[in-house]
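Taking it in order: structure first as structure tokens, then the write-up.
Residue numbers (our numbering), protein chains in the order written: chain A, 15 to 351; chain B, 15 to 351.
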């Protein structure tokens, strides 16, 4: 029995790094009007996608994204041995109902907006650990389902604060394969729950920034990689406000802010789109990864990417009960080798 | 690169079966008045456990259960490299807030009442795969938080139907260790989402029974074990109504019902306790496993146990939107070797 493969307390390095064999990104109308329209597989023009409710639309979006990733890789559904997925809805129903249609065994996850990295990290462990040959890792969010569940129904037209973020209507799915060619997940760092006492749910970026920096710092320590190792370090959805907090914390922690650091929430939309601090939601980092970022990796414009998806783990109930916002961040390193 | 270790599409067998090195079960007052009082580690006599809200109480219960499992095994929190856990609350806040206090990295799971088996199966893969030496797997539920979230606030005194189940106030936690002595997780079968069209959330047992039978049938096929291999096959929380459905489906599927089959939801309470069809909630199978069942294994009264935790994956929103109830079941085999 060998010693565990992990390096440091929270990080694992893969012996046979699983391959990102195919992927898909599907987004809603607003995301399709942003800077990355040409990099998404499908932009739907109606938030209901032909369904009677937004929740059903969200589930359909995830289902179609996973199916698209399967078909883009020339796989059949039966080739996928396990679906790891999650979303923001209560009881992750977008995921469960999508899995019902796809027919693949499900491991349901909840990591709020950190879910894409959680599913990739876990999926990579299950493949590299020798348990499965091929799994899907995915996550999604929908602006209108999230707003009415976490804040106010969008029909009410409640005024937004400058620090608030815009939940992306988007989904991303990756097929991880033991064999094949493509970028690989080489290592991952799983996050601790960090809560520095921020309680304003209209400023989730500030709540999540310390968790992101904690995970990034741990990643570099555990893996003994220099801070300029990556071509791009991208956090999940800190937005402009949270990204500024993260950059301050980088200095405090001795990680000098790099020109190679950015945030999916800042990148996803154009400044003119009225999203205040930026994008958020599980789908934000999921669609940025499975759209523009992996495209850049295939083109060789990026070779070493660290995706650090971030999640704010509160619920409306904990907010009403006066709790602060616990946050988490999981990091996965994706590399051309 | 070797072929995957799994046997069949949905099942994995462990090369070095992880050890259940320690465990703890904590329950509420009603569960402490049932048949298994002497087998639980702590029975609290007040649903609020000194907290201001039931949600905070639920999180405290999970936190204390995990800490108790850690200390019973003579571990420190820092010895535990990963916490895999989930609960029924929106955004699994009982889990996230518990993890905030424990300080261990978190992989948040949502499998409704199947969570205990999901966390054990995943935890065993992470340990046997060589990624971690020691992880905790846990789940919890609280009667009053679940009732007000999924059905009606208990203060309303709404009449219950005979097929309804009583969400257990309970938590269970296991420390899985790569080394050491104790019962071991030898194999696991991960479930598909099954939905045969049942839509009555006051009869979750009937919705979950087909998923339980599907997973059990797949388990025996994949692992090529005879149906009388186990001393006890125990489903999570089908209750009396669901267990009767499962027994009919066993006959239909050619798995003759065995005297060694039972259900945690049927076992947890005494008939006199007014729980209608029986117990439910993530905590139901979690406390039965970590209380009486593992005690019987240590005493040698049980040597081969198949825990098949079952989850109903609906939400109040999907119910209101006219959806039927998707269900899932994950199985873990725990054996004295």
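Glycine residues also receive a C-beta, built at the ideal position from the N, C-alpha and C atoms.
- CA-CA distance, residue 177 of chain A to residue 45 of chain A, rounds to 19 Å.
- Taken through DSSP and simplified to helix, strand or coil, residue 221 of chain A comes out as helix.
- Scanning the segment 21 to 91 of chain B for uninterrupted alpha helix (DSSP H) segments of 4 residues or longer gives 43 to 46, 68 to 86, listed from N- to C-terminal end.
- Between residue 72 of chain A and residue 156 of chain B, the alpha-carbon positions lie close to 29 Å from each other.
- For residue 170 of chain A, there is no enclosing alpha helix (DSSP H), as DSSP marks it with neither H nor E.
- Its chain contains 333 as the residues whose beta carbon lies nearer than 6 Å to that of residue 215 of chain B, once the 5 sequence neighbours on both sides are disregarded; these appear in chain order.
- Beta-bridge partners of residue 344 of chain A (DSSP): A:323.
- Under the three-state reduction of DSSP output, residue 122 of chain B falls in the strand class.
- Taking a beta-carbon distance threshold of 8 Å, residue 329 of chain A counts as an interface residue toward chain B.
- For residue 166 of chain A, the nearest beta carbon of chain B is not closer than 8 Å to its own beta carbon.
- Exclusion of the five residues before and after residue 347 of chain A leaves 200, 201, 320 as the residues of its chain whose Cβ lies within less than 6 Å of its Cβ.
- Cβ neighbours of residue 35 of chain A within its own chain (closer than 6 Å, five residues either side excluded): 87, 189, 191, 194, 196.
- Annotation: Cβ neighbours of residue 340 of chain A in chain B (cutoff 7 Å, chain order): 110, 111, 114.
- Residue 153 of chain B is bridged by DSSP to B:100, B:186.
- Secondary structure at residue 245 of chain B: coil, using DSSP grouped into helix, strand and coil.
- If you check the CB distance, residue 251 of chain B and residue 279 of chain B come in under 8 Å.
- The shortest CA-to-CA distance from residue 295 of chain A to any of A:257, A:230, A:158 is the one to A:158.
- At a cut-off of 8 Å, the C-beta of residue 335 of chain A has a neighbouring C-beta in chain B.
- By the Cβ rule, the segment 87 to 96 of chain A does not count as touching the segment 218 to 236 of chain A, because fewer than three pairs are nearer than 8 Å.
- Here the C-alpha atom of residue 122 of chain B lies approximately 7 Å from the C-alpha atom of residue 109 of chain B.
- Taking a 10 Å sphere around the C-beta of residue 171 of chain A, we find fewer than 16 other C-beta atoms and assign the residue as exposed.
- Nearest to residue 107 of chain A by C-alpha distance, out of B:350, B:343, B:326, is B:326.
- The three-state reading of DSSP puts residue 195 of chain A in coil, since its state is none of H, G, I, E or B.
- The beta-carbon separation of residue 298 of chain B and residue 127 of chain B, rounded to 7 Å, stays under the 8 Å limit for a contact.
- Following the DSSP letters along the chain, one finds residue 179 of chain B inside the beta strand (DSSP E) bounded by residues 179 to 181.
- Residues 174, 176, 178 of the same chain have their beta carbon placed closer than 6 Å to that of residue 290 of chain A, with the five preceding and five following residues left out of the count.
- In the DSSP assignment, residue 293 of chain B falls outside any alpha helix (DSSP H) and within the unbroken beta strand (DSSP E) covering 292 to 294.
- At least one C-beta of chain B is nearer than 8 Å to the C-beta of residue 104 of chain A.
- Assigned with DSSP and collapsed to three states, residue 94 of chain A falls in coil, not helix or strand.
- When Cβ-Cβ separations below 8 Å define contact, residue 24 of chain B makes contact with chain A.
- Here DSSP, grouped into helix, strand and coil, assigns residue 329 of chain A to coil.
- Pairing residue 141 of chain A with residue 112 of chain A gives a Cβ-Cβ distance that is not under 8 Å.
- Shown here for residue 226 of chain A: same chain residues with a beta carbon closer than 7 Å to its own, the five before and five after excluded, namely 249, 252, 260, 322, 324, 343 in chain order.
- By the neighbour-count criterion, in which a residue is buried when 16 or more other Cβ atoms sit within 10 angstroms of its Cβ, residue 163 of chain A is buried.
- The three-state secondary structure of residue 202 of chain B, taken from DSSP, is strand.
- Of the residues B:77, B:28, B:351, the one whose Cα lies closest to the Cα of residue 312 of chain B is B:351.
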